[in-house]
Structures are given as structure tokens and as C-alpha cells.
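S.K.: Just so you know, we're using the numbering used here here: the sequence shown kicks off at 1198 and counts up by one.
In this text, a Cβ means the ideal position worked out from N, Cα and C, and glycines have one as well.
Please read all numbers here as calculations on a predicted model, not as lab measurements.
Have a look at the structure that comes next, please.
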Amino acid sequence: MQLIVKEYQRDDTPWYIGYSGGKDSSALLVLTFNALLTLKEYHKPVTIVYCDTGVEIPTITDYVYQTLDHLEKESFKYNLPFIIKVAKPKLDDRYFVKVIGRGYPPPTNIFRWCTDRLRINPINTIIDKNRNAIVLLGVRNGESAERDKIISKHSTNVDYYLNQKTSSKVKIFSPVLNYTVKDIWSTIKFNPIPESINYKVIGTLYKDAGAECPVFRETKGTPCGKGRFGCWTCTVVRKDKSVDSMVKNGYDILEPLHNFRNWLIEFRDIKKYRCSYRRNGQIGLGPITLEGRRVILEKLLYAQEASGLDLISDEELAKIKNLWQIDYNNPKYIENTDVDFTAI
């Protein structure tokens, strides 16, 4: 907390806190909240940023929005300089617009188009990478060998500060860089305020699902679906442990979503639903065909009805139908030929 106060008072550089709802970003919020409480004056705001990709696990999304709502009220109560902003992908970049509208194959390790469009770009609309800014993140040493390697690669000569890959003007500040898992949970459990960060709720979610998906992250690294709070549609991993675990622990509302995701990961490899020409005109495995996109939409609407959750918006549906019409009327759009993909 003393470190946070010292760095806050250092200069006028804007602060942003990346929040995902997980334990590490929650502990960071608790520390920052309590650190700022010790000050009498605030010379700059602190913006809390949450990225809602549109395909986050609904149970987690509900918890995050409730937390942010309560946190905003607590900030007002204590006169703290927090500003809360939610980043969302633009319509053209939303998951189902890309997959069902444009025919993008669901992401794989080879074609992992999702992270930039669903997470990085929306965050960058709030954090201007062309201006000096400091992003507070709950990244820690010791989480994994891969994470330690990334931290080491982006380390600076200033303790607790890391370089941001996509901008030389944005620095990452992680006060919990050397925290253990026990330190993180102790921070959440034994600080009575903010009350909006609820230790019992977070603990239950972790018990039932897994860990958090970073809100401000590099495009490479461990996929969020691998034991993390991430997108329920994640097909970068073969098995989504988080949603699978939550379904087994009684979150029945998520079962239709889990079934859709498991079906989608198999569907993307069915060759008859893939164009034999890419959009650049070259022969090769191209977009999902219009018929394939219709099949995916039908399955998604079934999952929506079965779960009772809003999985796709009217705005997205209108955009999807518009994109279908564009492809249907485009003479350069070619679907299937007699090309033998096994020979390519």
C-alpha cells in the first residue's frame, strides 16, 4: 500500500487498473482502494477497466457487473477518484459476427484471431497507447514458467514495472509482482473494505471453475480456456476445464453453452462446410460456407433458448444477415469446387 501511494503521488501520468473479476486483479483493487484511502487529496483519477468480450462466461460476467456497480457506490461513499469503464469489441469484431457473419473458423492455436479483436483492441480504445499511461495489473512471478518468461522479457530497471509490448509510452505497474497465492487470498480475505470485493463469492467461483483470464494481455501465451475464466466459446484448447467444472458443480444454466462449444470445435473441421477458395482468391481451406454459418446460428439459437441466456444481440443478428447478403451477391465469393483438400 505504501508503494502504491508513493507511485500514485509520483506524477500526473494517468492510471488504469485492469480488472477481470479473478483473484489477482481483485487483490490489486483491494490494495489500491485501501492505499488511496490514506490520502486526503487526489490529483488524478484511477480508471478501472473491464473488458466484456460478449462471450465471457455469463456467471462470471454477472458477478463482475455486480461488483463494479457496488464498487462505484463505495468509491463515491469514500470520495475516491475511481472511474469505471467497460470495454467492448466493436460490432464488426464481435465473436459471432466474425464466425457466423464472415465465416471465420473458430480460433485455433494456428489461427488465433480472437485475442486482438476481443480483448486487446477494445482496451486500447480506452488506454491510448500513444500517450503516457500506467496500467496496474495483477501479474505475479511464480504463476507458471511461461508467465515468468514473459515477465522477465518485459522487465525494466525499475522494480515492479514492466514494458508494454505494443507501446513504449504505456508502462505496466504490478505491486503484487512478488506475491504468493497465499498473499493474494489473504489480501482479499482480511481487508474488510471494499465490501464489493467478496472473498466468499470469489472463492466459490474459483472452487467451481478455475483461474482468471487477464484483461490486458499479450496475444501469445496460455489460452484463457485452459483452467481460466475466459470466453465460454474458447476453441483454442480442446477441452474447456472451467465451464466443464462449473457444469459439474451445479451450474446447469451453462450446460447448453458447453454443449454448443464442444460441438463447434468438431464442426469447424468438417470440410464440406468450408469454402475451397480463400477470400484472397487463392485455392485453399477458406471461410465457413453460408450453409455452414446457418447451421451454427441455428445451434446457437437453440443453446440460447435452452439456457434462457442472451447469447447474441439483435444488432449482431442484423449484421450477420447483412454479411450473408454481401457474400451471396459477391461474384468473387466462391464456395465449393472439386478441389481435393487432402492433396493440398
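Tell me whether the beta-carbon of L1225 lies closer than 8 Å to the beta-carbon of V1373.
M.R.: Yes, the pair counts as a contact, with Cβ atoms nearer than the cut-off.
S.K.: Does the Cβ of I1394 have 16 or more other Cβ atoms within 10 Å, making it buried, or fewer, making it exposed?
M.R.: buried
S.K.: Report buried or exposed for D1170, applying the criterion of at least 16 other Cβ atoms within 10 angstroms of its Cβ.
M.R.: Outside the displayed range of the chain (1198 to 1541) lies residue 1170, so it cannot be described from this structure.
S.K.: Please classify F1370: does DSSP put it in a helix, a strand, or coil?
M.R.: strand
S.K.: Between which two residues does the alpha helix (DSSP H) carrying L1226 extend?
M.R.: K1220 to L1234
S.K.: Within its chain, find whatever has a CB closer than 6 Å to the CB of L1233; leave out the 5 residues flanking it on each side and keep chain order.
M.R.: L1277
S.K.: Residues in the same chain with beta-carbon distance under 6 Å from L1494, minus the five sequence neighbours each way, listed in chain order, please.
M.R.: I1297
S.K.: When the Cα of Q1263 is compared with those of T1229, E1392, R1476 and T1312, which residue comes out closest?
M.R.: Comparing Cα positions, the closest option is E1392.
S.K.: Starting from V1378, trace the alpha helix (DSSP H) in both directions and tell me its first and last residue.
M.R.: V1378 to K1386
S.K.: What is the DSSP secondary structure of V1294, counted as helix, strand or coil?
M.R.: The answer is helix: DSSP assigns V1294 an H, G or I state.
S.K.: Alpha carbon to alpha carbon, what distance is there between I1347 and R1248?
M.R.: At residue 1248 the sequence reads Cys, which differs from the Arg that was named. Looking at the two C-alpha atoms, the distance is approximately 22 Å.
S.K.: By Cβ distance below 7 Å, which residues in the same chain neighbour P1304 in space, the five residues on each side in sequence not counted?
M.R.: W1310, C1311, T1432 and V1433
S.K.: In terms of residues, what are the limits of the beta strand (DSSP E) holding A1515?
M.R.: Per DSSP, A1515 belongs to no beta strand (DSSP E); it is in the alpha helix (DSSP H), D1511 to N1526.
S.K.: For I1531, I'd like the list of residues in its chain whose CB is within less than 6 Å of its CB, leaving aside the five on either flank, ordered along the chain.
M.R.: Y1474
S.K.: Is there at least one Cβ from chain C nearer than 8 Å to I1323's Cβ?
M.R.: Of the protein chains in the structure, only one exists, and it is not chain C.
S.K.: Just the C-alpha distance for N1268 and P1242, rounded to the nearest angstrom, thanks.
M.R.: Before going further, note that residue 1268 is Leu rather than Asn in the sequence given. If you take the alpha carbons of L1268 and P1242, they lie about 15 Å apart.
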